[in-house]
Amino acid sequence: MRFASVRTGDGVRIGVVDAGAGTVTVLPADAGTLDDVVRGGAPALEAVAARVASGDVRPLAEVDLAAPLARFNRDVLCTGWNYWDHFEESKGKREGQEPEGRPLHPTFFTKGPQAVVGPYDDIAFDPELSAKWDYEAEVAIVIGKDGRSIPEDRAMEHVFGFALANDVSQRDLQRAHGGQWLKGKSIDGSMPFGPWLTTPDDVADPYGIQLSCELNGQVLQDASTAQVAFRFERIIAELSRGMTLRAGDVILTGTPAGIGNAREPQIFLGEGDVVVTAGSGLGQLRNTVRTADLTSYVTSDVASRV
2 MRFASVRTGD GVRIGVVDAG AGTVTVLPAD AGTLDDVVRG GAPALEAVAA RVASGDVRPL
62 AEVDLAAPLA RFNRDVLCTG WNYWDHFEES KGKREGQEPE GRPLHPTFFT KGPQAVVGPY
122 DDIAFDPELS AKWDYEAEVA IVIGKDGRSI PEDRAMEHVF GFALANDVSQ RDLQRAHGGQ
182 WLKGKSIDGS MPFGPWLTTP DDVADPYGIQ LSCELNGQVL QDASTAQVAF RFERIIAELS
242 RGMTLRAGDV ILTGTPAGIG NAREPQIFLG EGDVVVTAGS GLGQLRNTVR TADLTSYVTS
302 DVASRV
């Protein structure tokens, strides 16, 4: 199934998407939110499925989709350098932050949940804050079952669904704060996420997803998830080693080659740019970069950690 969060006049509702038909069935308010479903396990899924037949069917093109999740247990969990072509393209361009060689384990960092925006929302852009706004198309995993020290061969049992994200990064901030990436990855209103959550039974092959990023009509990233350096099961297993993953946690799984910072000449985002992030079977994000004063910017949908 494909679950969305639909903005309506009386709040955000659960939507069940039929991508082939181009429709979304919007459930009544008493069905709760998608955050509730993700945390509710099999009973919550069964309850939603039972209500689809009596829901309000609307054209998908006519609804306003929010980010699938609005409540976050913690920061968004992220994986760096998870496509070797991306790792190699950035050699000599990391401004003194070069590792000695290819990592032997996944590289992890986090980004603040207030960075999250919806699949068609504007990306907040403040040129006073940073001069190097970069795009990074990624597949996101949403955890649906708590677990600690999860074995690789059981990892997919803990996945509620897959989605898309764009890990928009500020490269100058990323380099400026002690060699760690939190600041340059956590700017409010800068991470499109969605357009919905696709459950594993509707993903034919997690390693057959064609992932791309298009900027103003030009394809700049285009790769298969078959190219990942560390498989999704390995990421979940290593993240959870001694550290509990909770239902509702979001994990980004890395970006392929083609980022703006590694190009010659470099390409960075600016006012009015249109960024399209796509993944076969997962839908598409379409976001416009819009100037915002980030001293007063407010993300309306995303709650702080709950």
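Converting from the sequence shown to our numbering requires adding 1 to each position, the first position being numbered 1.
We put the CB at the ideal spot given by N, CA and C, even for glycine.
Keep in mind the model is a prediction, meaning the values are calculated, not measured.
Check: If Asp135 sits next to Ser187, beta carbons under 8 Å apart, how far is it from one beta carbon to the other, in whole angstroms?; Outcome: With 8 Å as the limit, Asp135 and Ser187 do not qualify as a contact, their Cβ atoms being about 14 Å apart.
Check: Measuring straight from C-alpha to C-alpha, what distance separates Val356 and Asp154?; Outcome: The structure shown does not extend to residue 356, since the chain is modelled only from 2 through 307, so no value can be given for it.
Check: Going by the beta-carbon positions, is the gap between Val58 and Thr24 smaller than 8 Å?; Outcome: yes
Check: Which one of Gly261, Pro201, Pro29, Leu66 has the shortest CA to CA distance from Asp173?; Outcome: Gly261
Check: Skipping 5 residues on each side, what residues in its chain have a beta carbon closer than 7 Å to that of Arg242?; Outcome: Ser150
Check: Per the DSSP calculation, Lys112 is bridged to which residue(s)?; Outcome: Val77
Check: Identify the continuous alpha helix (DSSP H) that holds Gln219 and give its terminal residues.; Outcome: Where Gln219 is concerned, there is no enclosing alpha helix (DSSP H), although the beta strand (DSSP E) it sits in stretches over 219-225.
Check: Can you tell me the Cβ-Cβ gap for Asp189 and Ala116, rounded? I've got them flagged as a contact below 8 Å.; Outcome: 6 Å
Check: Just the Cα atoms here: how many angstroms apart are Ala141 and Phe126?; Outcome: 23 Å
Check: Apply the 10 Å Cβ neighbour rule to His87 and answer buried if 16 or more other Cβ atoms are within range, or exposed otherwise.; Outcome: buried
Check: Measuring straight from C-alpha to C-alpha, what distance separates Val7 and Asp31?; Outcome: 14 Å
Check: When you compare the stretch 269-286 with the stretch 189-202, are there three or more beta-carbon pairs, one atom per stretch, that lie closer than 8 Å?; Outcome: yes
Check: Looking only at its chain, what residues have a beta carbon closer than 7 Å to the beta carbon of Ser213, apart from the 5 residues adjacent to it on each side?; Outcome: Ala138, Val220, Gln222, Asp223, Ala279
Check: What residue range does the alpha helix (DSSP H) around Phe269 cover?; Outcome: First-last for Phe269: undefined, no H or E at that position.
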